[in-house]
Amino acid sequence: MENLKRRLGQPTSFLLLALVTFWAKTYLAYLFEFNLGVSGLFQHLILLLNPLPIMLVLLSLGLYFKDSKKSLVTMWLIHFLASLLLFVNILYYREFADFLTTNVAVGAGTVSKGLVSSTLNVLTWHDPLYWLDSIVLAYALYKIFKSNQDESKPNRKRTALITTLAGAGLFGVNLGLAEISRPQLLTRTFDRNYIVKYLGLNFFTGYDAAKTVQNNQIRANADESDLSEVVNYVQDNYAEPDPDMFGKAEGRNVITVVLESAQQFLVDYELEDEEGNLHEVTPFLNSLIHDPATYSFSNFFDQVGQGKSSDAEVMAENSLFGLPQGSAFQSLGSSNTFHASPDILEAEKGYTTASFHGNVGSFWNRTDTYQSFGFDFFFDSEFYDLDDENTLEYGLKDKVFFHDSAQYIEQLPQPFYAKFLTVTNHFPYPLDEANIDFPQANTSDETINQYFQTNHYADQALEEFFNWLKESGLYENSIIVVYGDHYGISDTRNPAMGELFGIPEDEWTAYHNAQMRRIPMLFHIPGEEDGHVIDKYAGQIDLLPTLLHLLGIETDQYLFMGQDVFSPDHNESVTMRNGRFINEDYTIVNGDIYDSQSGALLNDQLSDQEKEEIFQMRDQANQRLEHSDNIMMKDLLRFYTPESLAGREANDYIYYDQMPVLENHPDKDTSLANQSDQDNLPDLYETDAPEITGQPIISEFNEYGQEAMDDEEIDDQAIDGQYKDEEEEEGVQEDFIDGE
Numbered sequence: 015m016e017n018l019k020r021r022l023g024q025p026t027s028f029l030l031l032a033l034v035t036f037w038a039k040t041y042l043a044y045l046f047e048f049n050l051g052v053s054g055l056f057q058h059l060i061l062l063l064n065p066l067p068i069m070l071v072l073l074s075l076g077l078y079f080k081d082s083k084k085s086l087v088t089m090w091l092i093h094f095l096a097s098l099l100l101f102v103n104i105l106y107y108r109e110f111a112d113f114l115t116t117n118v119a120v121g122a123g124t125v126s127k128g129l130v131s132s133t134l135n136v137l138t139w140h141d142p143l144y145w146l147d148s149i150v151l152a153y154a155l156y157k158i159f160k161s162n163q164d165e166s167k168p169n170r171k172r173t174a175l176i177t178t179l180a181g182a183g184l185f186g187v188n189l190g191l192a193e194i195s196r197p198q199l200l201t202r203t204f205d206r207n208y209i210v211k212y213l214g215l216n217f218f219t220g221y222d223a224a225k226t227v228q229n230n231q232i233r234a235n236a237d238e239s240d241l242s243e244v245v246n247y248v249q250d251n252y253a254e255p256d257p258d259m260f261g262k263a264e265g266r267n268v269i270t271v272v273l274e275s276a277q278q279f280l281v282d283y284e285l286e287d288e289e290g291n292l293h294e295v296t297p298f299l300n301s302l303i304h305d306p307a308t309y310s311f312s313n314f315f316d317q318v319g320q321g322k323s324s325d326a327e328v329m330a331e332n333s334l335f336g337l338p339q340g341s342a343f344q345s346l347g348s349s350n351t352f353h354a355s356p357d358i359l360e361a362e363k364g365y366t367t368a369s370f371h372g373n374v375g376s377f378w379n380r381t382d383t384y385q386s387f388g389f390d391f392f393f394d395s396e397f398y399d400l401d402d403e404n405t406l407e408y409g410l411k412d413k414v415f416f417h418d419s420a421q422y423i424e425q426l427p428q429p430f431y432a433k434f435l436t437v438t439n440h441f442p443y444p445l446d447e448a449n450i451d452f453p454q455a456n457t458s459d460e461t462i463n464q465y466f467q468t469n470h471y472a473d474q475a476l477e478e479f480f481n482w483l484k485e486s487g488l489y490e491n492s493i494i495v496v497y498g499d500h501y502g503i504s505d506t507r508n509p510a511m512g513e514l515f516g517i518p519e520d521e522w523t524a525y526h527n528a529q530m531r532r533i534p535m536l537f538h539i540p541g542e543e544d545g546h547v548i549d550k551y552a553g554q555i556d557l558l559p560t561l562l563h564l565l566g567i568e569t570d571q572y573l574f575m576g577q578d579v580f581s582p583d584h585n586e587s588v589t590m591r592n593g594r595f596i597n598e599d600y601t602i603v604n605g606d607i608y609d610s611q612s613g614a615l616l617n618d619q620l621s622d623q624e625k626e627e628i629f630q631m632r633d634q635a636n637q638r639l640e641h642s643d644n645i646m647m648k649d650l651l652r653f654y655t656p657e658s659l660a661g662r663e664a665n666d667y668i669y670y671d672q673m674p675v676l677e678n679h680p681d682k683d684t685s686l687a688n689q690s691d692q693d694n695l696p697d698l699y700e701t702d703a704p705e706i707t708g709q710p711i712i713s714e715f716n717e718y719g720q721e722a723m724d725d726e727e728i729d730d731q732a733i734d735g736q737y738k739d740e741e742e743e744e745g746v747q748e749d750f751i752d753g754e
């Protein structure tokens, strides 16, 4: 033991142990925590190598201290911080299927509410193993220092320098191997998985931080001349509206409902319970999609990145993508210039604009960003009565949220644009017993099992809201937009869901993950009779130009990356923020080409020329990512003002003080409250929400229903017993009479 202690007291020995233990757990995390798409012996060799170079360079910094104790402590701290970085990325990847970036880390404070609960839900039993080596090394230091023996030789700068150079040389080998397997890795890739797979997590973190600083500098150096290429691209790719659809919803209120984490596979899906009975997950949404007044899309994809819900809003309000890393709401929402739908609708058609969200306004930096977008009003959690019963981790439950929003909707001057952000169907999909009236799925993943229950709840909330719109009189003069903001089940969890679709877990591929990014998308226009399901391939980037054309607003003066889906000129190529590409024929993931209809891998069936043509098609579609990123990161819209937005000014009030502004609005006479013959319009809202009625939902799928069934069974038994006693008594009487 003393010999071991003496050996570990030598900084070079301690460095070697720290390096080996960190390498081992990082490699295990690569294999079992991250979906890096490693294939072939060569890529596995690179994966085996890449944790070593950067960590060796970092640990070598401790050798530059002559004092061995300072050297040991420094190396332990480096090992601990690197372990923390690894572990945080493991947790983040389990939920987001992506790696933590500088922008996300810097902006984490604005989304901290609710994240603790989400983090706890992704923890697993084996997570303490990732800290075992740090604890052992700390204990070794404690024993070394406690002995008060310093038998180690002073560090030599030569040893430190050689170690640093060895790490740098090893990185050179790593980079060379990566370049062979993936040429131009650092200049062409859209996928952070590639960087981690080839160069390691530590390198990615430093690389991402450097790119973030670089992007900030790019914005500072941008000027008006950077606009010309973007303007030319937008003009060349403008899709003329379909004359039959243009203006079809002109003059109507716009009511948008954003369904949290809703995915297209739920549409018309029936879940089988333990007894073999089938249950529609979203019966109201299904009926809405098949309504003749609805134009819906079966191949509409989410295109979000790390900003998830906030990225969906960026696209829906601006027809621009979120950022390559982090959230545009967080990074740019307070400072950038936007040409967003609230400003456009107010400038072009005199709309009043409002957003409703049952969470704090600081979440995703919405308060600042909505001011930049031009929203007149923002009703966040400050305008609702929240308590422990009517909220979940991410805000007000949907049924309560819609119900309590009615009091504000009726006051909005018409025409208005009102957006509602739901939250109940949010990871990890918890739902209190009193609200459950739907079975869980039966998969190996508890999160997936609960997902169906919260989707059913969200569907019921949507139906209640529609019913109130009809009762209040708003329904007939509105266009109602409903869409899912992003995927609900991550790539890492998807294989466990394969059994629900008859796909064995070991046959689930990256193709299936890409196809699962479909989301519900519909325009419901009461009174229309030619609505139908549209099979065109499209994405969230296309939502805004499509909506504006339906409202009779020309869009050729705006710098939108999307196109009107109804246009005959619409390009059916869907570009994902992570570099995936999907159209009717091909799906490209991590450089692999799949048949979009069959899912067959085509790599070995296509000629080199065919592959090149397909990749060129992808690269052309990806140009919109590049132009969007330039607009966002360089803040180019500050140099470009469409004629309709000239002279537009930001609100001179903060949302917290908005009620007097709403109550004294110059157009308040056009509000529903002032125009309706009915009094107390919010009282017309009917809901079965237990938080409002005071009564739990009675269902066979919750404890309240089970108790009721048990009580009913007892009553039935009592009644049966009574009948039996009466029959026996009658029988005795009959026997007595017969005996007489």
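Residue 15 is where the sequence shown starts when you use this note's numbering, and the numbers rise one by one after that. The beta-carbon is built from N, C-alpha and C at its ideal position, and this holds for glycine as well. Just so we're clear, the structure is a prediction, and the values are computed from it rather than from any experiment.
query, result
"Cβ shell of residue 300 (< 8 Å), same chain only, five flanking positions each side left out", "281, 282 and 294"
"Backbone secondary structure at residue 492 - three-state DSSP", "strand"
"Whole-number beta carbon distance between residue 582 and residue 276, since they are thought to touch under 8 Å", "With a Cβ gap of about 29 Å, residue 276 and residue 582 do not count as contacting."
"Option nearest residue 323 by Cα separation, candidates 311, 288, 77 and 337", "337"
"CA-to-CA distance, residue 224 to residue 352, given in whole angstroms", "26 Å"
"Rounded straight-line distance, which links the Cα of residue 491 to that of residue 665", "28 Å"
"Close Cβ partners of residue 755 (< 8 Å) along its chain, the five nearest in sequence each way excluded", "Not covered by the structure: residue 755. The range shown for the chain is 15 to 754."
"Cα-Cα separation, residue 461 to residue 443", "7 Å"
"Contact set for residue 458: own chain, Cβ-Cβ below 7 Å, skip 5 residues either direction", "510"
"Sub-9 Å separation of residue 195 and residue 60 beta-carbons", "yes"
"Own chain, CB closer than 7 Å to residue 554, minus 5 neighbours either side, in chain order", "316, 317, 326, 329 and 330"
"C-beta contact flag for residue 115 and residue 339 at 9 Å", "yes"
"Beta-carbon gap between residue 394 and residue 380 smaller than 9 Å", "yes"
"Per DSSP, the bridge partner or partners of residue 600", "609"
"DSSP beta-bridge partners of residue 500", "The partner list for residue 500 (beta bridge, DSSP) is empty, contrary to what the question assumes."
"Presumed contact (8 Å Cβ cut-off) between residue 453 and residue 715, rounded CB distance", "5 Å"
"Three-state secondary structure assigned by DSSP to residue 188", "helix"
"Identity of the residue in 696, 489, 507 and 571 nearest residue 659 by Cα", "571"
"Under 9 Å between C-beta atoms of residue 83 and residue 159", "yes"
"Continuous alpha helix (DSSP H) stretch holding residue 391: start and end", "That residue, residue 391, is in no alpha helix (DSSP H); its beta strand (DSSP E) goes 391-393."
"Delimiting residues of the alpha helix (DSSP H) encompassing residue 54", "54-63"
"Supposed close pair residue 651, residue 645 - CB separation, criterion 8 Å", "6 Å"
"Three-state secondary structure (DSSP) of residue 675", "helix"
"Any 3 or more C-beta pairs closer than 8 Å across the stretch 557-566 and the stretch 260-270", "yes"
"Any 3 or more C-beta pairs closer than 8 Å across the stretch 402-420 and the stretch 369-376", "yes"
"Residue range of the beta strand (DSSP E) that includes residue 622", "Not the beta strand (DSSP E): residue 622 falls in the alpha helix (DSSP H), residues 622-647."
"Neighbour-count burial assignment, residue 216, 16 or more Cβ in a 10 Å radius", "buried"
"Same chain, Cβ closer than 7 Å to residue 559, neighbours up to 5 away in sequence not counted", "333, 569, 574, 576, 577 and 578"
"Burial state of residue 424, where buried means 16 or more other Cβ atoms lie within 10 Å", "buried"
"Exposure label - residue 433; buried when at least 16 CB within 10 Å", "buried"
"Option in 46, 703, 32 and 595 with minimal Cα separation from residue 66", "32"
"Close Cβ partners of residue 655 (< 6 Å) along its chain, the five nearest in sequence each way excluded", "none"
"Spatially closest choice to residue 672 from 396, 271 and 358, by CA coordinates", "396"
"Through-space distance from residue 724 to residue 751, alpha-carbon basis", "Low confidence applies here, because residue 751 scores a pLDDT of 33, under 50, leaving its location unreliable; read the following figure in that light. Answer to the nearest angstrom: the Cα atoms are 41 Å apart."
"Bridge-paired residues (DSSP) for residue 433", "270 and 369"
"Cutoff 6 Å; reference residue 136; Cβ partners in own chain excluding five residues on either side", "105, 108 and 109"
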